[in-house]
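Going by the working numbering, the first residue of the sequence shown is number 3, and it counts up by one from there.
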Amino acid sequence: MKNIISLQNIVVDFDGENILQNISLNIRDKEFVTLLGPSGCGKTTTLRIIGGFLEPNSGTVLFDGKKINNLPPYKRNVNTVFQRYALFPHLNVYDNIAFGLKVQKLPEKEIRTRVAEMLELVNLRGFEKRGVNHLSGGQQQRVAIARALVNRPKVLLLDEPLGALDLKLRKEMQIELKRIQQSLEITFVYVTHDQEEALTMSDTVVVMNKGNIQQIGSPVDIYNEPVNAFVADFIGESNVLKGVMLKDCLVEISGRQFECVDKGFAENEAVDVVIRPEDVQLIPAEQAQITGVVDSVTFKGVHYEMLIEAYDFRWMVHSTKAAELGSTVGMTFDPYDIHVMKKMKDETF
3 MKNIISLQNI VVDFDGENIL QNISLNIRDK EFVTLLGPSG CGKTTTLRII
53 GGFLEPNSGT VLFDGKKINN LPPYKRNVNT VFQRYALFPH LNVYDNIAFG
103 LKVQKLPEKE IRTRVAEMLE LVNLRGFEKR GVNHLSGGQQ QRVAIARALV
153 NRPKVLLLDE PLGALDLKLR KEMQIELKRI QQSLEITFVY VTHDQEEALT
203 MSDTVVVMNK GNIQQIGSPV DIYNEPVNAF VADFIGESNV LKGVMLKDCL
253 VEISGRQFEC VDKGFAENEA VDVVIRPEDV QLIPAEQAQI TGVVDSVTFK
303 GVHYEMLIEA YDFRWMVHST KAAELGSTVG MTFDPYDIHV MKKMKDETF
């Protein structure tokens, strides 16, 4: 699959502050890519660079292999859907969607056909004459998407478009957006700070922090094989512990040795160790290398979340069975559930 967008060595500074630190990113055609990270990490700035709303201090932006650094937004084959949908309140649904086509002075017959196609796509057929102020938040968002797509862009940029919706509607719209993207077979570049949203919708997730790209990969790879403690901690719940890699496939945690599947570290190298809460198994204390006292038990619907004080660390454990509050339990985990990573230079995340 070819690259439709390439960012090469992009640097952005605002008032002496480095917002993007020499990032490079390739986005493939017909791919759903999510830029994920905390507030201020640079993800919206990256989106604005692609859309042409911001020019980098240095670096190259390529679209279909052609440099577009100086190309204004209206000349790029890209449209954007913002968190605030920016619909025209004095226009009805039909006229909002048709606005860009009318600006292009397309024939009225073609405009009607294309607007009808969009209404069908976003499940708003029959709403043509409805005023946008009389629509629900989810319906307004669909109008904004239809208006952006009716011009048939090659790339749709979405800047936290579900942020204003309630949880149930957000989940419904996640499914809708993925359906629309697959139906049209165009590239979506989506910005969010919601980890579950990114894992649910994306073909590729780009995790960002402090103006740098931390990891690029599929949702499964990002979750199961985080490259550093920041990614592990940001994507889902994690136990991130200090460890020592004694040798290949043998790591020390809390003064105890555990077999693992990781290799390529120096002997006795200080490392970060990640173990997901769902991968920790509770066993009788006398059978375990690591024991602790159950400090809290919270019912989460499909599982119990327990916090267990063990030596110098507070473990999080997810299990369908709850341990007794205040009891002493043992914890164990399989070698392939231990993820060993090199220590980050800056661990103030």
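From the three backbone atoms N, C-alpha and C, an ideal C-beta is built for every residue, glycine too.
Where the beta strand (DSSP E) through residue i begins and ends
{"i": "Asn5", "result": "Asn5 to Phe16"}
{"i": "Leu38", "result": "Phe34 to Leu38"}
Cβ-based burial, residue i [other Cβ within 10 Å; buried from 16]
{"i": "Thr322", "result": "exposed"}
{"i": "Thr350", "result": "Its pLDDT being 45, under 50, Thr350 is placed unreliably by the model, and nothing is read from it."}
{"i": "Tyr192", "result": "buried"}
{"i": "Met3", "result": "exposed"}
{"i": "Ser329", "result": "exposed"}
{"i": "Ala2", "result": "Nothing can be reported for residue 2: it is not among the residues displayed for the chain, which extend from 3 to 351."}
{"i": "Ile6", "result": "buried"}
{"i": "Pro228", "result": "buried"}
{"i": "Asn11", "result": "exposed"}
Backbone CA spacing between residue i and residue j [nearest angstrom]
{"i": "Phe129", "j": "Val299", "result": "49 Å"}
{"i": "Asp281", "j": "Val319", "result": "8 Å"}
{"i": "Ile177", "j": "His136", "result": "24 Å"}
{"i": "Asn358", "j": "Gln197", "result": "There is simply no residue 358 to check, as the chain begins at 3 and stops at 351 in what is shown."}
{"i": "Val253", "j": "Gln259", "result": "6 Å"}
{"i": "Asn20", "j": "Glu119", "result": "43 Å"}
{"i": "Ala325", "j": "Met308", "result": "8 Å"}
{"i": "Lys68", "j": "Leu9", "result": "11 Å"}
{"i": "Glu112", "j": "Arg127", "result": "17 Å"}
{"i": "Val209", "j": "Gly61", "result": "20 Å"}
{"i": "Gln142", "j": "Trp317", "result": "43 Å"}
{"i": "Phe90", "j": "Val134", "result": "8 Å"}
N-terminal and C-terminal residue of the alpha helix (DSSP H) that residue i is part of
{"i": "Gln141", "result": "Gly139 to Leu151"}
{"i": "Thr322", "result": "From DSSP, Thr322 is part of no alpha helix (DSSP H); its letter is neither H nor E."}
{"i": "Ser185", "result": "Leu169 to Leu186"}
{"i": "Val233", "result": "Ala231 to Phe236"}
{"i": "Arg114", "result": "Glu110 to Leu123"}
{"i": "Arg30", "result": "No alpha helix (DSSP H) holds Arg30; the beta strand (DSSP E) holding it covers Glu19 to Arg30."}
For residue j and residue i, believed in contact at Cβ under 8 Å, the rounded distance
{"i": "Asn230", "j": "Met346", "result": "5 Å"}
{"i": "Ile292", "j": "Met333", "result": "5 Å"}
{"i": "Val145", "j": "Val95", "result": "6 Å"}
Any chain B beta carbon closer than 8 Å to residue i
{"i": "Met343", "result": "No chain B is present in this structure, which holds just one protein chain."}
Near the ligand ADP: residue i beta-carbon under 7 Å from a heavy atom
{"i": "Ser220", "result": "In terms of ligand content, the structure shown is empty, and the ligand ADP therefore cannot be addressed."}
Three Cβ pairs or more, each shorter than 8 Å: is that satisfied between the region 155-164 and the region 92-109?
no
Does the region 47-57 come close enough to the region 65-78 that 3 or more CB-CB pairs lie under 8 Å?
yes
Three Cβ pairs or more, each shorter than 8 Å: is that satisfied between the region 185-192 and the region 25-36?
yes
Assess contact between the region 242-251 and the region 216-229, defined as three or more Cβ pairs (one per stretch) separated by less than 8 Å. Is contact present?
no
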